[in-house]
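Colleague:
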Amino acid sequence: MSILSGKKIICIGDRDGVPAPSIEECAKAAGAEVVFSATECFV
Amino acid sequence: MDMENQKRVKDFSEKYGPKNLVVILGAAEAETAGLAAETVTAGDPTYAGPLSGVSLGLKVYHICEDAIKNEIPSELYEDQVGMMEMVLNVNDIAAEMENIRLKFRK
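Chains as they are written, first to last, in my numbering: chain A, 35 to 77; chain B, 7 to 112.
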């Protein structure tokens with residue numbers, strides 16, 4: 035069963051890891067709807 | 007997790023229902039990923055934000071986990087995540103994510 039397809043996704047990216055826009059593109063390609071996307075940074 | 011983002015996660019969980027939501031993380035390290043994962047499942051473990059003591063029970067994964075990677079077209083994944091995937095300790099991150107999911111599974 036698909037984890038992402040047909041689901042609503044919240045993307046929490048990391049400036050030093052994988053940023054939110056990249057996660058968002060991947061989620062959309064997997065058939066998900068992205069409802070929120072943000073990149074956090076830790077200083 | 008950022009206070010503002012905690013509030014948004016909480017609001018979206020109320021709006022769409024926890025069964026319809028999945029959180030995908032891009033954290034750089036296992037510890038950071040684990041803290042964020044625990045925050046959206048069992049509540050903010052630092053007791054600092056809106057999700058303190060709030061157990062949403064959301065499904066949460068890291069973008070580098072095989073279960074997620076396998077659902078994404080490989081060329082796109084390589085373009086978007088490939089470079090960071092080489093730099094991150096994917097095994098540690100995946101282990102921590104699985105640990106959190108098992109520990110706080112509803």
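Note that CB positions come from ideal geometry on N, CA and C, so glycine has one too.
If you're wondering where the values come from, they're calculated on a predicted model, not measured in any experiment.
How about the stretch 82–94 of chain B and the stretch 41–60 of chain A: do they share at least three Cβ pairs that are nearer than 8 Å?
Modeller: yes
Colleague: Can you pull out the residues from the stretch 77–89 of chain B whose beta carbon lies closer than 7 Å to at least one beta carbon of chain A?
Modeller: Correct list: E77, I78, P79, L82, Y83, Q86 and V87.
Colleague: Look up A/I37 in the DSSP assignment and say whether it is helix, strand or coil.
Modeller: coil
Colleague: Would you list the residues sitting across from B/V29 in a DSSP beta bridge?
Modeller: A/I44 and B/V66
Colleague: I want to see whether chain A comes within less than 7 Å of B/N95, judged by CB atoms only; does it?
Modeller: So, not an interface residue.
Colleague: What residue from B/A33, B/P51 and B/G63 has the CA that sits closest to B/N26's CA?
Modeller: B/G63
Colleague: Would you list, in sequence order, the uninterrupted beta strand (DSSP E) runs of no fewer than 3 residues that lie entirely inside the stretch 35–109 of chain B?
Modeller: 65–68
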